[in-house]
Structure formats: C-alpha cells, structure tokens
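The block underneath contains the structure these notes are about, expressed in structure tokens.
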Amino acid sequence: MPLFWRVCLINGAVFLAGTLALALSPATVSRQPLLSEFVVLLFGLTVIVLVNGALLRSLLRPLDRLTAVTTKIDLRYPGLRLDEAASGPARALVRGFNAMLERLEVERSTSTARALQAQEAERQRIAQELHDEVGQSLTAVLLGLRYVKDMAPERVRAELDGLRDTTRTSLEEVRRISQRLRPGDLTDLGLTSALAGLARDTSARNGPQVRRHLPSVVPELPSESELVIYRVAQEALTNVVRHARATAVDLGLAVSGGALELRVADDGVGIREGAMGAGIQGMLERAQMVGGDLVVRATGRAGPGGGPGGTEVLLRLPLSAPQPASVSS
C-alpha cells in the first residue's frame with residue numbers, strides 16, 4: 001500500500017476511535033463548558049495526538065534512517081545497508097533502497113574494472129610504440145651521429161659528442177618510461193623480482209632510499225592480482241618521490257593472517273586525514289577490483305625536521321579472495 005494511504009488510514013482510525021470514545025462514554029459538555037469538562041476534552045485530545053504520533057513514528061522512522069544513510073553513502077566504500085527486519089511498514093521501501101545500492105555498487109565495480117582494463121591496454125600500446133618507434137629512431141640517430149663524427153672536422157666533434165650523450169640519455173629515458181608503462185619483469189621474473197626492480201629504479205632516480213623486505217617465494221596469485229599489487233606499489237613510491245620529501249621508504253611484502261600484505265611506509269611529511277587524490281583513488285579502485293582492502297594513513301613517525309610525519313600504504317589481499325575481474329597486463 002502506498003505510504004500516503006497508510007498515513008490516511010492511521011489518522012482516520014485514530015480519529016474514529018476518539019469519536020467513538022466520546023460518543024459512547026458518559027461524558028457530556030454543557031452549553032457553557034465547565035473547567036472539568038475542558039480538562040476531559042484536553043485529556044482526550046492529548047491521548048489522540050500521542051497515539052497518532054506513536055503510530056506514525058513506527059511508520060516514518062525508517063525514512064529518517066534512510067535520510068541519514070544517504071548522507072553517508074560513498075560507493076568507494078561499498079557494503080552500507082539498512083536493516084530490513086527493523087523497518088516495519090517501510091520494509092518494502094528499505095528493501096528497494098538496498099537493492100538500488102547493490103546495483104549501483106555492482107555497476108561501479110564493473111565499469112571500474114573495464115576502465116582499468118582499458119587503461120592497461122593503452123599503457124601497453126604506448127609502451128610498444130615507444131619501444132618500436134621512438135626507441136628505434138633514437139638508435140638510428142645515435143648510429144648516424146657516430147658515422148658523422150668520423151667524417152666531421154675536429155672543431156665540431158666535441159659538439160657531436162654532446163649530441164650523442166643527449167640522445168643516449170633520451171633513449172634510456174624512453175626505455176625507462178616504456179618499462180614503467182608495461183612491467184615486463186612482472187611477467188618474465190615474477191612479482192618479487194618486479195618489486196625489487198621497482199625499488200632499485202626509485203632509488204636510482206635521485207629518490208629516497210628504498211629498503212626492501214621481500215620474501216623469496218610468494219603464494220601463487222592470479223596475474224590480475226599480481227598486476228594490482230605492482231601498480232599499487234608503483235603509485236605509492238611515485239607519490240613518495242613527488243610529495244613526501246622522504247629520506248627512506250620501507251617496501252614490504254608478507255603473508256599475514258591468511259592474506260598477502262603489501263606495505264609502503266615513508267618518513268616524509270605525512271598525509272592529511274581524509275585526503276583522496278587521483279592516485280589514492282586509483283589504488284583503492286584497483287584493490288577493490290581484486291577483493292582487497294587498501295588503507296592510507298599517517299604513521300606519526302619522525303618526518304623532515306624532526307616533526308611528526310610519515311605515510312603508510314597498506315594493501316591487504318585475502319589469499320582466498322574471489323576471482324577478480326579481468327585486467328590484462
């Protein structure tokens with residue numbers, strides 16, 4: 001029954017009961033009502049209002065809870081639901097609201113998985129083009145400069161040497177970017193070796209010292225889960241280099257409590273509570289895609305200048321997690 005008719009029936013039933021009580025009771029009202037009669041009428045009106053309010057409260061209380069829940073809904077953190085059993089006459093409304101939330105979460109999860117899959121495919125395409133097109137072109141330029149140098153007069157050879165060094169540096173940078181876009185080590189050497197290489201590259205690029213705590217053997221994981229772990233570590237280390245002003249970073253991977261945990265902790269300036277930039281949002285969506293949990297928090301360890309700081313990124317991936325959505329590497 002629609003809510004409008006429920007309210008009308010409740011009000012009608014209460015008013016009917018009040019009318020019958022006045023009609024069947026011995027109470028009367030004089031032409032000029034006495035004070036005692038006013039008291040009886042006031043008491044009856046109070047009873048009617050209280051009974052009507054109690055009945056309507058049981059009907060409309062779930063709407064108040066529904067309003068409160070809508071202010072807390074964040075599809076990045078799924079699972080928030082209203083209790084249908086305690087919703088009384090509004091159970092159908094609450095059931096529909098919960099079903100809507102579930103559909104939204106499923107649709108968002110599916111669209112996120114597709115977007116990340118498209119992102120990985122585009123990264124692979126760009127990396128391939130950088131390697132095949134730009135890399136080969138720069139290699140040809142290097143060979144050409146070497147040939148020209150042999151025929152060039154002495155006064156321009158020094159400048160040609162400078163051009164060769166610049167070209168060689170650019171070629172190495174292209175190869176490094178290609179490697180970051182498409183982690184070949186992850187496919188060829190495995191997760192542990194790929195994370196170790198990521199740590200070495202981060203330290204080599206004038207970044208903070210990365211202390212590795214990586215096991216020699218990790219449990220067998222789907223390729224999608226390994227890719228998510230690698231990308232989260234990559235994004236966390238990138239954020240450290242760009243924003244943290246840290247001097248040291250701990251990169252760890254361990255099995256704890258039936259889950260595989262990736263931990264990246266620095267001694268930098270820390271993170272503001274509730275901060276949710278694009279990088280953190282991307283890490284969170286990747287973690288949810290494979291059934292994992294991601295926590296980004298300030299650690300309170302000594303930061304630059306001796307003040308409190310430090311940030312920890314903790315990815316927890318249950319080893320018995322459901323099959324993740326497909327994301328090609």
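Numbering (full-length UniProt numbering), first residue to last: 1 to 329. Think of the CB as a built atom: it goes at the ideal place given N, C-alpha and C, for glycine as much as any other residue. Just so we're clear, the structure is a prediction, and the values are computed from it rather than from any experiment.
- Here leucine 314 is bridged, per DSSP, to Arg263, Val295.
- About 5 Å separates the beta carbons of leucine 191 and glutamate 226, which is inside the 8 Å limit, making them a contact pair.
- Per DSSP, arginine 125 is one residue of the alpha helix (DSSP H) stretching across 91-129.
- Counting along the chain, glycine 279 sits inside the alpha helix (DSSP H) bounded by residues 278-289.
- Judged by DSSP secondary structure, alanine 254 falls within the beta strand (DSSP E) whose first and last residues are 248-256.
- DSSP places arginine 175 in no beta strand (DSSP E) but in the uninterrupted alpha helix (DSSP H) bounded by 154-181.
- For arginine 211, the enclosing beta strand (DSSP E) starts and ends at 209-213.
- Per DSSP, the continuous alpha helix (DSSP H) segment holding glutamate 224 begins and ends at 223-239.
- Counting along the chain, the unbroken alpha helix (DSSP H) around leucine 145 starts and ends at 135-151.
- In this structure, leucine 314 and arginine 263 form a Cβ contact; the two beta carbons are roughly 5 Å apart against a cut-off of 8 Å.
- Comparing alpha-carbon positions, the option among Glu173, Ser193, Val94, Glu285 lying closest to threonine 67 turns out to be Val94.
- In the three-state reduction of the DSSP assignment, glycine 190 falls in the coil class, being assigned neither a helical nor a strand state.
- Here the C-alpha atom of alanine 127 lies approximately 9 Å from the C-alpha atom of valine 174.
- The count of Cβ pairs closer than 8 Å, one atom from the region 244-256 and one from the region 279-286, stays below three, leaving the stretches out of contact.
- In this structure, the beta-carbon distance from valine 290 to isoleucine 280 does not fall below 8 Å.
- Relative to leucine 221, the option among Leu319, Leu214, Ala118 whose CA is nearest is Leu319.
- The distance from the Cβ of glycine 309 to that of glycine 268 is about 6 Å, consistent with a contact at the 8 Å cut-off.
- Under a 10 Å Cβ-count criterion, arginine 125 is classified as exposed, with fewer than 16 other Cβ atoms of the shown protein chains found around its own Cβ.
- With 16 or more other Cβ atoms inside 10 Å of its own Cβ, alanine 265 counts as buried.
- Leucine 143 counts as exposed, since fewer than 16 other C-beta atoms from the protein chains shown sit within 10 angstroms of its C-beta.
- In the three-state reduction of the DSSP assignment, glycine 300 falls in the strand class, which pools E and B.
- Note on proline 62: 16 or more other CB atoms within 10 angstroms of its CB, so buried under the neighbour-count rule.
- By a beta-carbon distance limit of 8 Å, arginine 91 contacts glutamate 84. Their separation comes to about 5 Å.
- Per the C-alpha coordinates, the member of Asp150, Arg272, Arg6, Phe38 positioned closest to serine 58 is Arg6.
- Burial check for isoleucine 73: the Cβ neighbour count within 10 Å stays below 16, so the residue is exposed.
- Here DSSP, grouped into helix, strand and coil, assigns glycine 12 to helix.
- Under DSSP, glycine 44 takes part in no beta bridge, so it has no partner.
- It is roughly 9 Å from the alpha-carbon of threonine 247 to the alpha-carbon of valine 210.
- Here glycine 197 carries a helix assignment [DSSP, helix/strand/coil].
- Close CB contacts of valine 69 within its chain, under the 7 Å cut and outside five residues either way in sequence, are with Leu80, Leu82 (chain order).
- Counting every other CB atom within 10 Å of its CB across the protein chains shown gives valine 228 a total of 16 or more, marking it as buried.
- Distance from the CA of glutamine 119 to the CA of arginine 231, rounded to the nearest whole angstrom, comes to 12 Å.
- DSSP places glycine 270 outside both helix and strand once states are collapsed to three, so it counts as coil.
- Here the C-alpha atom of threonine 19 lies approximately 42 Å from the C-alpha atom of alanine 99.
- Beta-carbon to beta-carbon, leucine 145 and arginine 164 are separated by about 5 Å, close enough to satisfy the 8 Å threshold.
- Per the coordinates, the alpha-carbon of leucine 42 lies some 58 Å from the alpha-carbon of arginine 272.
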